[in-house]
Amino acid sequence: MKRTMVIKSAAVLGVVSLGLAACGGSSTSTESSAAPAASEAPAASEAPAAEAPAAEPAAEPAADECKNPSLITATLLPATGSLAFLGPPEFAGVKMAVDEINAAGGVLGAPLVNIDGDSGDTSTDIASQTTDAALSQGAQVIIGAASSGVSLTVIDKITSQGVLMISPANTSPALTTYEDNGLYWRVAPSDALQGAILASTAIDSGITKAAVIARQDAYGEGLEKAFSKNFTEAGGTVTSELLYDPEAATFDAEVAEIKAGAPEAVVVIGFEESVKLLQEMIKQGVGPADQQVYLVDGNISTEAYKEFPKNTMKGVIATVPSGEADLTAFNEALLMVDPALTDFTYGSQSYDAVMVVALAANVAGCASGTAIAAALADTAGNGGEACTTYADCLALIQAGKDIDFNGVTGPLDFNQYGDPASATISINQYTSNGAFEEIGKVTAEVPLP
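Quick note: the sequence shown uses my numbering, first residue -4, plus one each step.
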């Protein structure tokens, strides 16, 4: 039996209102492209970002921008690099959405064309090359990136061309107020929310002293700050706040410092390097067998820890943005798209990103990036008639009605920054090195800057 984890520490979440739910290289243009193969790597989703002022609303499109009504999207998602673990479910989610859209008649009476492209990671120039290729082929919307750092390397290039960028997986709080001309949006919540829920999960489990170790980038620093702030405000003590170089050869010194603080729990915020970090923690006697360990969306994985000694990961808790509804049926459908999937992180958000963009183009009556951006808020919120499938939503639009698209992940109402106004964080517990189950979820408003 799965249990619902009840979050008792309202103080941890500040102004966040809770709603608890019971658990149960190169691009080629095609109408529905298959996902590129991705190397196996631990889950990852973020990298460096820089804070900037809030963006102005997207400008209205010029008349000549709408002469060609065909919508072309392009993915900027990790098929290679340190973030490749996220690739398969994200590409599958995009493909599922494109197929459903075109089966229902396409966008503005024409098939949606999708161009699949690799983002690589921040150690390469793949994202820039992929972006150039997509823009040269007329893409009006870029789906991605998964990493905030990758997004930051190309966001100005994309938005300066009047092209919309919508990410299924960026969670760095710094992106909320980035100056983007109203053309950067995301369907994953800022880690201001995940950090608060992670802190409340620890507090409600009786943890009073916790160490936090995070990769030194916008993702790691943002989530670390959110956790530590909420944990201390709820009465907890952070024994160590450590930032590390993800390219470091060893983590001996960092783990030794963690051990010296005698924490009751360790929060690990990282990507694929989390495997090596956990191995050092186990070696020094501060691993999962010694105290509670918490992971996050960047390192939750069914594959990464399989080679650890049997049941090493049993009892480890991990949080990840999820969906308000049960995603079991959706994930089973995603397996029909890619039977090789072993993880599903951000697959549903990728699906919703494509869906809301296509519907917004229909609402706007124009497939330009600026027109779609201007219509996104009205497509998913603002009092329209609720609908959940592309076909049903399209029928309402064609009948002249306002719509409120509710995605697989739940309502997609956006706030003034182009972020989700509310979102759901899933709380999971490892039952073995290669399996975890949801033990609770929290749906809440996403804290504003």
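Quick reminder that beta carbons are idealized off the backbone N, C-alpha and C, glycines included.
**Request:** Could you tell me the boundaries of the alpha helix (DSSP H) in which T126 lies?
**Result:** 121 to 131
**Request:** To the nearest angstrom, report how far apart E302 and L389 are at their CA atoms.
**Result:** 48 Å
**Message:** Under 8 Å: do the segment 162 to 176 and the segment 127 to 141 share three or more Cβ pairs, one atom per stretch?
**Reply:** yes
**Request:** Determine the extent of the beta strand (DSSP E) in which M308 is found, giving its start and end residues.
**Result:** Element bounds for M308: n/a, residue is neither H nor E.
**Prompt:** Going by DSSP, which residues form a beta bridge with T323?
**Reply:** Looking at the DSSP assignment, T323 forms no beta bridge with any residue, so it has no partner.
**Request:** Tell me whether N377 is buried or exposed, calling it buried when 16 or more other Cβ atoms sit within 10 Å of its Cβ.
**Result:** exposed
**Asked** Does the beta-carbon of N294 have 16 or more other beta-carbons within 10 angstroms, so that it is buried, or is it exposed?
**Response** buried
**Request:** Determine the DSSP secondary structure at Y239, reduced to helix, strand or coil.
**Result:** strand
**Prompt:** Is the Cβ of F431 closer than 8 Å to any Cβ of chain D?
**Reply:** In the structure shown, chain D cannot be found, because there is only a single protein chain.
**Request:** Can you grab the Cα-Cα spacing for the pair M276 / Y341, in whole Å?
**Result:** 28 Å
**Prompt:** Do E85 and Y385 have their C-beta atoms closer together than 8 Å?
**Reply:** no
**Prompt:** Hey, how far is the Cα of T245 from the Cα of Y239?
**Reply:** 10 Å
**Request:** Say whether the segment 199 to 209 touches the segment 147 to 157, bearing in mind that this needs 3 or more beta-carbon pairs closer than 8 Å, one atom from each stretch.
**Result:** no
**Asked** From D292, A79, T337, pick the residue whose C-alpha is nearest to that of A430; which is it?
**Response** T337
**Item:** Beta-carbon proximity of L178 to A368, cut-off 8 Å
**Value:** yes
**Prompt:** Is the distance from the Cβ of A356 to the Cβ of A362 below 8 Å?
**Reply:** yes
**Request:** Give the single residue among L371, D113, G395, T383 whose Cα lies nearest to the Cα of Q411.
**Result:** L371
**Prompt:** Is DSSP giving F339 helix, strand or coil here?
**Reply:** coil
**Straight-line Cα distance separating Q189 from A221** = 8 Å
**Other residues of its chain near F325: CB distance less than 7 Å, five sequence neighbours each side excluded** = S343, V403
**Request:** Using three-state DSSP, classify S40 as helix, strand or coil.
**Result:** In this prediction, S40 has a pLDDT of 36, which is less than 50 and means its spatial position is unreliable; what the coordinates show is noted afterwards. If DSSP states are grouped into helix, strand and coil, S40 belongs with coil.
**Spatially closest choice to N306 from G101, S427, E433, by CA coordinates** = S427
**Message:** Tell me the residue span of the alpha helix (DSSP H) that contains C382.
**Reply:** Per DSSP, C382 belongs to no alpha helix (DSSP H); it is in the beta strand (DSSP E), 380 to 382.
**Request:** Assuming S114 and L72 form a contact by the criterion Cβ under 8 Å, report the distance between their Cβ atoms to the nearest whole angstrom.
**Result:** 6 Å
**Item:** Span of the beta strand (DSSP E) around S421
**Value:** 417 to 427
**Prompt:** Mapping DSSP to helix, strand and coil, what is E441?
**Reply:** According to the sequence provided, residue 441 is Val. The question's Glu does not apply to it. Residue state, collapsed to three classes: coil.
**Message:** Per the DSSP calculation, I208 is bridged to which residue(s)?
**Reply:** L237, V263
**Prompt:** Based on Cα-Cα distance, which residue from A394, T374, L407, I253 lies nearest to A320?
**Reply:** L407
**Message:** Classify E433: buried if its beta carbon has 16 or more other beta carbons within 10 angstroms, exposed otherwise.
**Reply:** buried
**Asked** So, are the CB atoms of A353 and L66 less than 8 Å apart?
**Response** yes
**Item:** C-alpha gap between S21 and T126, whole angstroms
**Value:** In this prediction, S21 has a pLDDT of 31, which is less than 50 and means its spatial position is unreliable; what the coordinates show is noted afterwards. Cα to Cα, the separation comes out at about 10 Å.
**Prompt:** Does DSSP put P334 in a helix, in a strand, or in coil?
**Reply:** coil
**Request:** Look up E432 in the DSSP assignment and give the residues it is bridged to.
**Result:** Q424
**Prompt:** Pick from T227, G364, A375, P184: whose alpha carbon is nearest that of L130?
**Reply:** G364
**Message:** Whole angstroms are fine: how far does the CA of I198 sit from the CA of S223?
**Reply:** 12 Å
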